[in-house]
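Structure first, then comments.
Protein chains: 2
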Amino acid sequence: MPKPADVEQREARILDAAATLFVHYGFDKTSVADIAREAGISKGAIYLHFESKEALFEALLLREMQSYAAEWLARVEADPAGGTLGGMYRNVLHALNASPLMAALFKQDRRLLGAYLRNPQAALRSRTHGSMRHELIDLLQQAGAVRQELDPVIVAHIMNMLAYGLVAMDEIMDPADIPPTEALIEGIADLMDRALTPPDGGDSAAGKAVLQQIYSQARQQLADAVQKGQNHD
Amino acid sequence: MPKPADVEQREARILDAAATLFVHYGFDKTSVADIAREAGISKGAIYLHFESKEALFEALLLREMQSYAAEWLARVEADPAGGTLGGMYRNVLHALNASPLMAALFKQDRRLLGAYLRNPQAALRSRTHGSMRHELIDLLQQAGAVRQELDPVIVAHIMNMLAYGLVAMDEIMDPADIPPTEALIEGIADLMDRALTPPDGGDSAAGKAVLQQIYSQARQQLADAVQKGQNHD
DNA sequence: TTATGACCAAAAATATATTTACGGTCATAT
DNA sequence: ATATGACCGTAAATATATTTTTGGTCATAA
Chain A
1 MPKPADVEQR EARILDAAAT LFVHYGFDKT SVADIAREAG ISKGAIYLHF ESKEALFEAL
61 LLREMQSYAA EWLARVEADP AGGTLGGMYR NVLHALNASP LMAALFKQDR RLLGAYLRNP
121 QAALRSRTHG SMRHELIDLL QQAGAVRQEL DPVIVAHIMN MLAYGLVAMD EIMDPADIPP
181 TEALIEGIAD LMDRALTPPD GGDSAAGKAV LQQIYSQARQ QLADAVQKGQ NHD
Chain B
1001 MPKPADVEQR EARILDAAAT LFVHYGFDKT SVADIAREAG ISKGAIYLHF ESKEALFEAL
1061 LLREMQSYAA EWLARVEADP AGGTLGGMYR NVLHALNASP LMAALFKQDR RLLGAYLRNP
1121 QAALRSRTHG SMRHELIDLL QQAGAVRQEL DPVIVAHIMN MLAYGLVAMD EIMDPADIPP
1181 TEALIEGIAD LMDRALTPPD GGDSAAGKAV LQQIYSQARQ QLADAVQKGQ NHD
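Residue numbers (this note's numbering), protein chains in the order written: chain A, 1 to 233; chain B, 1001 to 1233.
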């Protein structure tokens, strides 16, 4: 049966509270009691909605993935050049940069993810979340949005390197020496377009179609995962 | 007075032994006694050549920087396209990839650098070693080896991001999923050339001249640093 | 002179005991 | 039916004592 609106609302409140605290203090240093307090309910109530602290965290991650993907697609749709490689990547990077949780997942942030990373059963611990897969580049290539002569595996990996650099570079250098994110993302997107887009400018419409396809696939998988995660009452 | 050849030779032996052990076990888990044994001399003899374990490590790092820089220049000289951005960067990446110590310094590897990193007085702890500086891009731009319309600060940073990705990506993903280094470096250099080199192909000779200039500057600074590090007997 | 390795103080690692904090439950209240 | 928070066992953090390792020295040997 579908979930009543007020329950949904309360779960959202809990997840909001959890998001704030987890991002700020990390998984280990955020207690369930803390989350309850932040959400303005009792500790017991949390367990009426989530099986465990870990399940709560995973529900949060799934929600974040959904909004990450949705945000990405929305940006791509709104951007005339959203179907070109540069346009697509610009929007991925913006979405990634705007989501501390996705960024943490992508860079396997030990501080934020804490014990969740150490748990071998953690479903979302896998290292591929938020990353560019070469199958996508392949499709974009077939759609004429990426130069034919390039190796999709290499291209995808380079894009992942840049995404990693965007979120992790502050670990090896003084943040004051890092250019403003906005300008950096523009620079990267510009680089991508110059180097990877076909000379004719690429077929942005076809590129968007591919992205939509990928998006609905991903959305389905996420929905299934959410469904599966809810078998507990 | 200049150092006798046999002393120089022995110091090289010590540094060789130290390099092997430090790279393998890291700074913390390599003892001075270990180094002495590996070098085939007594522990006391080490202290005839180096003030402390840390001074030894720094001497090793300086030697490595010198050979790193020399290797880089040699590669650039040998490469007809060595003066273009792509050519230059290809050779930097090869040099970086070939030197575990430089890579560790660049990525601030806590395992390898260990306590050396924690010491606030460590001269070479600074985060800029091995990295691309925007002044260099500036010069290359003036020499006509890089497109005029690009922002040197952004370009330099993107290059650093890619170098970081090259040496650090294995921390967030399964090494089996990382493309072969050789192919990856080629892909990156190719990307650089496509995106950053002027349409006319760039002035490789002028680029090389700039690199030589930078090299001799750096060499001088390193020599001074080595000199300064030797005021102890 | 130059090199050695036993030696030392100090730090790091290990072991043990003790306290605190936390995830999760459930009798009770609303 | 839903929500609460006192409660419980355990795991993590802290404190303490004990052992081992290590960077560095120096009297002695070559």
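Where is the CB? At the ideal position from N, CA and C, for every residue including glycine.
The beta carbon of Tyr1068 of chain B sits no closer than 8 Å to any beta carbon of chain A. Leaving aside the five residues that flank His24 of chain A on each side, none in its chain has a CB nearer than 7 Å to its CB.
Against chain A, the CB of Ala1081 of chain B has no partner CB under 8 Å away; the residue lies outside that interface.
Within the stretch 20-43 of chain A, no residue has its Cβ closer than 9 Å to any Cβ of chain B. The beta carbons of Leu196 of chain A and Leu124 of chain A sit no closer together than 8 Å. Counting C-beta pairs closer than 8 Å gives three or more between the stretch 100-113 of chain A and the stretch 157-173 of chain A, which meets the contact rule.
Pro1100 of chain B carries a helical assignment under DSSP once its states are collapsed to helix, strand and coil. Residue burial annotation: Leu1056 of chain B is buried, with at least 16 other C-beta atoms found within 10 angstroms of its C-beta. Judged by beta-carbon spacing, Gly83 of chain A lies beyond the 8 Å limit of Gly201 of chain A, meaning their Cβ atoms are not closer than that value. What Gln108 of chain A touches in chain B, judged by beta-carbon distance under 9 Å, is Glu1171, Ile1172, Met1173, going in chain order.
A residue is called buried once 16 or more other Cβ atoms fall within 10 Å of its Cβ, and Gly1044 of chain B, having fewer, is exposed. Its Cα nearest to that of Thr30 of chain A, the residue A:Lys53 stands out among A:Lys53, A:Ile158, A:Ala156, A:Met192.
Residues of chain B whose Cβ lies closer than 9 Å to the Cβ of Asp151 of chain A are, in chain order, Pro1179, Ala1183, Gly1187. Within 10 angstroms of the beta-carbon of Asp6 of chain A lie fewer than 16 other beta-carbons, which makes it exposed. Distance check between Met1192 of chain B and each of B:Phe1050, B:Ser1042, B:His1157 places B:His1157 closest, using alpha-carbon atoms only.
Note on geometry: alpha-carbon atoms of Ala189 of chain A and Ala122 of chain A lie some 33 Å from one another.
With respect to the 8 Å criterion, Leu85 of chain A and Leu140 of chain A are classified as neighbours on the basis of their beta carbons. Counting the other CB atoms within 10 Å of its CB gives Glu182 of chain A a total below 16, which places it among the exposed residues. With a threshold of 16 other beta carbon atoms within 10 Å, Gly1130 of chain B meets it and is buried.
Between the C-alpha atoms of Ala1074 of chain B and Tyr89 of chain A there is a straight-line separation of about 36 Å.
Straight across, the Cα-Cα distance linking Asp1177 of chain B with Met1132 of chain B is about 27 Å. Ile1041 of chain B: not part of any alpha helix (DSSP H); DSSP gives it neither H nor E. Nearest Cα to Ile1014 of chain B within the set B:Asp1028, B:Leu1048, B:Leu1150: B:Leu1048.
By the CB criterion at 8 Å, Glu135 of chain A and Ser99 of chain A fall outside the cutoff.
By the rule that beta-carbons nearer than 8 Å mark a contact, Ile1137 of chain B does not touch chain A.
For Ala1205 of chain B, no chain A residue has a C-beta closer than 9 Å to its own C-beta; the minimum C-beta separation is roughly 24 Å.
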